[in-house]
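What follows is one structure encoded as structure tokens, with my remarks underneath.
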Amino acid sequence: MLTDSVACYKAIKRYVLRCIGSRHRACVVTAASHLTWRLDALTTTPFCPVAQAVLRWRTKWEGVGVPSHLLVKGDHGFLGILVWLSLFAPVGLPQWSRATDRWVILHIFAQACLDSFDRYLQEAVDATVRSAPVWMPFPVVDFPERSWAVLDGDPERCLVRLLIAPALARRAAQKGELQISGKHFQQHCGNLNRNAAPADRPMVRAGRRRAMNYDGARKSTDPLTIDHKGNIGVTAMVLAVLAASDAA
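Residues 1 to 248, numbered by full-length UniProt numbering, are exactly what the sequence shown covers, in order.
Now the structure itself:
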């Protein structure tokens, strides 16, 4: 299911970036380039809402703690999707065919992807310096989960019906809140520069920045990585719990 889910996620990502993120591409790239430290359980000073939503959404589902690592193509996996499949994917009934089980899982997964981006975009629009969203990796679910049910259809044709509850009513983002202009980009860069790396973050010499970023991306996305302080990352703990439950 991981391969199918990743393909589904990539299709949704292309849709999001084309329909919403295309006009804010410069905002997304500058934000990702600036945020070169882990943001797990941290907040950031609000910058371009679209850029913040896109990066927060991608780091969530792709299991990347450092936004700048998203710029390194193919150098990170999809740990967030793997954790979602392990902990939150629907469990089919014994009589379901493999195709039916796959169909239900992918529909629920796609809805979760879309709902999470919608929530992150709204939170980014509403964010203030004193009330900013927290960048949380899985297994934390920080977006609304819809109720759903599967009804039997035609037993001879092995058809089922999937019912998903409607989304909760919310305030829609106004057109002016997502506009792009020279002034918007200047404000975005100014607010972005107010976000500084933690004081205990190891410094990287300017001459080796690109090479170090590449190596850092590879190390940080290893689910069993232990940081320079000897702490085991959140993803390592999640996989340890899953391994223990499987062994039991």
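Glycine included, every Cβ here is placed at the ideal spot set by N, Cα and C.
Here the structure is a predicted model, which is why all the values come from computation and not from measurement.
Asked                                                                                                                  : Found
Alpha-carbon to alpha-carbon, ASP101 and GLY92                                                                         : 6 Å
Distance between beta carbons of PHE109 and CYS19, contact taken as under 8 Å                                          : Not confirmed; about 19 Å, so no contact.
Nearest neighbour of ALA196, chosen from ARG23, LEU35, HIS107 [CA to CA]                                               : LEU35
Identity of the residues DSSP links to TRP135 by a beta bridge                                                         : LEU42
Inter-residue spacing [alpha-carbon to alpha-carbon] between LEU17 and VAL28                                           : 10 Å
Buried or exposed (CB count within 10 angstroms, at least 16 for buried), GLY233                                       : Residue confidence is low: GLY233 scores 46 on pLDDT, short of 50, so the model does not pin down where it sits. Its coordinate-derived value is still stated next. Classification of GLY233: buried, given that the 10 Å Cβ count is 16 or more.
Proximity of TRP37 and VAL66 at Cβ, strictly below 8 Å                                                                 : yes
Per DSSP, the bridge partner or partners of TRP84                                                                      : Paired residue(s): none; TRP84 is not in a bridge.
Cβ pair ASP126, PHE143 closer than 8 Å                                                                                 : no
Beta-carbon separation (whole angstroms), LEU106 vs PRO49, contact threshold 8 Å                                       : Actually they do not touch by this definition, with Cβ atoms about 29 Å apart.
Alpha carbon of ALA41 to alpha carbon of THR3, nearest angstrom                                                        : 28 Å
Residues of its chain near LEU70, where Cβ-Cβ distance is below 8 Å and the 5 sequence neighbours each way are ignored : ALA32, LEU55, ARG58, THR59, GLU62, VAL64, HIS76
Spatial distance of GLN186 from LEU151 (CA atoms)                                                                      : 52 Å
Of the listed residues PRO198, ALA89, THR43, nearest to MET1 (C-alpha basis)                                           : ALA89
When VAL104, SER5, GLN52, PRO139 are compared against LEU87, the one with the closest alpha-carbon                     : PRO139
Same chain, Cβ closer than 6 Å to LEU52, neighbours up to 5 away in sequence not counted                               : Correcting the residue type first, residue 52 is Gln in the shown sequence and not Leu. ALA124.
Alpha carbon of ILE81 to alpha carbon of ARG146, nearest angstrom                                                      : 18 Å
Residue closest to HIS188, alpha-carbon to alpha-carbon, out of ARG14, ARG161, THR44                                   : THR44
Supposed contact pair VAL72 and ALA162 - C-beta distance, whole angstroms, cut 8 Å                                     : Sequence check: residue 162 is Leu here, not Ala. Actually they do not touch by this definition, with Cβ atoms about 37 Å apart.
Euclidean distance between Cα positions of HIS15 and PRO94                                                             : In the sequence under discussion, the amino acid at residue 15 is Tyr, which differs from the His named in the question. Computed Cα separation, rounded: 34 Å.
Burial state of GLY21, where buried means 16 or more other Cβ atoms lie within 10 Å                                    : buried
Per DSSP, cross-strand counterpart(s) of VAL6                                                                          : Bridge partners of VAL6: none, in fact.
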